[in-house]
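> Each residue of the sequence shown is one higher than the one before, counting from 2 in our numbering.
Built from N, CA and C at the ideal position, the CB exists for glycine as well.
Just so you know, these numbers come straight off a predicted model, no measurement behind them.
Got a structure here, written out as structure tokens. Questions coming.
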Amino acid sequence: MKVEDVKKICVMGAGLMGNGIAQVCAQAGYEVTMRDIEDRFVENGLNTIKKNLSRGVTKGKMTQEQMNQVVNRIKGTTDLKAAAFNADVVIEAIIENRDLKRKVFEELDEICKPECIFASNTSSISITDMASATKRPEKFIGMHFFNPVPVMRLVEIIKGYDTSEETYEFIDELSKKLGKETVLVNEAPGFAVNRLLLPFLLEAIFTLQEGVTTVEDLDKAISLGLNHPMGPLTLLDFVGLDTALFIADYMYSEFQDSKYRAPTLLRKMVRAGHFGRKSGKGFYDYTKKPPEPHQFR
Ligand SMILES: NC(=O)c1ccc[n+]([C@@H]2O[C@H](COP(=O)([O-])OP(=O)(O)OC[C@H]3O[C@@H](n4cnc5c(N)ncnc54)[C@H](O)[C@@H]3O)[C@@H](O)[C@H]2O)c1
């Protein structure tokens with residue numbers, strides 16, 4: 002499979018990452034199917050894409066006509082077979098759960114044509130492990146985008162044990178076609194970025210949990226003191242606390258290292274359904290006036 006032959010990309014998941022990935026693929030001219038498990042999730046994903054693109058039209062970055070063309074290239078569905086049929090590439094962005102991802106790839110392996118490339122947007126889970134659920138481990142790779150996908154420029158590419166050089170070169174070229182910069186990292190839980198980021202984010206929650214400072218002051222301290230574009234608690238609300246907990250638990254189980262241990266406060270907030278921006282409440286309350294990430298700078 003060559004990148005110039007790619008016509009259809011299937012994106013699994015219409016959440017934060019899935020709809021962003023679908024948008025950049027459609028903007029690059031590909032026909033996209035975006036699959037989620039319920040109509041309301043598909044609708045939410047499509048609406049987010051339209052809202053993002055409309056902002057681009059208002060700012061003069063694209064015309065209404067161009068926006069309509071991008072939107073028309075994306076088909077949302079809950080039908081797995083229809084979504085995956087004849088896809089040249091699948092990019093998986095469902096929840097960060099190892100067993101579920103393996104199950105979905107096993108199903109996709111039966112539906113997709115043999116030359117279809119499988120890429121996972123997992124934040125931490127072993128590519129080799131997921132690839133072993135399929136009969137095409139050489140065509141399986143990690144393609145780790147960052148949130149928000151249309152804005153963030155990096156894709157971390159992760160080779161599994163059996164990923165072929167051809168598959169790596171293909172995904173490297175495709176990522177560049179999507180307007181991204183790439184880095185190649187060897188497989189390890191959390192790859193490169195999250196291996197460094199997670200202990201920092203978890204420590205921010207421990208700092209809060211121990212009453213060292215307040216939510217606002219911790220974010221202000223890191224934004225202004227370290228010149229970060231946003232504080233760690235604002236960032237956690239963006240990432241999704243449920244996703245952060247999935248990643249922490251996975252990395253802790255893999256490394257057996259306390260630097261990836263999830264604070265009780267994080268677990269409690271997730272149990273209470275406070276996932277951050279996507280659920281309306283996290284460290285901040287988005288049902289009231291949402292704080293802007295640049296508020297401290
Ligand atoms: N949030 C981030 O900042 C971020 C960044 C990089 C990578 N990731 C990774 O991207 C993936 C998705 O994260 P997210 O933040 O978009 O989560 P999310 O919760 O916003 O979206 C996940 C979506 O997957 C859907 N889903 C669950 N089972 C499915 C199935 N069988 N088929 C299709 N869809 C299914 C859910 O209904 C949900 O809409 C995770 O692996 C996560 O680790 C997240």
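With distances taken Cα to Cα, identify the nearest neighbour of N87 among F297, T59, C113 and A245.
Here the closest residue by C-alpha is C113.
> Within the same chain, show all residues whose beta-carbon is closer than 8 Å to that of K178, passing over the 5 residues directly before and after it, in chain order.
V4 and A29
> D40: which of G14, E32 and L54 sits nearest, CA to CA?
G14
> Identify, in the order they occur along the chain, each residue of the same chain with its Cβ nearer than 6 Å to the Cβ of L175, setting aside the five sequence neighbours on each side.
V4
> F97 by DSSP, collapsed to three states: which one?
In the sequence on display, residue 97 carries Glu and not Phe. In the structure shown, E97 sits in coil (DSSP, three-state: anything other than H, G, I, E or B).
> Is A263 near ligand 1, with its Cβ less than 7 Å from a heavy atom?
no
> Please determine whether the Cβ atom of M18 lies at a distance below 7 Å from any heavy atom of ligand 1.
yes
> Figure out for me which residue from T49, M35, E97 and V91 has the closest Cα to the Cα of K76.
M35
> Relative to the C-alpha of G180, which candidate in L198, A189, P151 and T168 has its C-alpha closest?
P151
> Is it the case that the stretch 257 to 266 contacts the stretch 204 to 220, given that we only count it when at least three CB pairs across the two stretches are under 8 Å?
yes
> According to the Cβ coordinates, are E93 and A120 closer than 8 Å?
In this structure, A120 lies closer than 8 Å to E93 by Cβ.
> Can you give me the C-alpha to C-alpha distance between G226 and T235, rounded to a whole angstrom?
15 Å
> Report yes if the C-beta of V136 is less than 7 Å from at least one heavy atom of ligand 1; otherwise report no.
Strictly speaking, residue 136 in this sequence is Lys, with Val absent from that position. No.
> Should the stretch 131 to 148 be regarded as contacting the stretch 156 to 167, the criterion being three or more beta carbon pairs within less than 8 Å?
yes
> How do the stretch 128 to 141 and the stretch 269 to 288 stand: do at least 3 beta-carbon pairs fall below 8 Å, yes or no?
no
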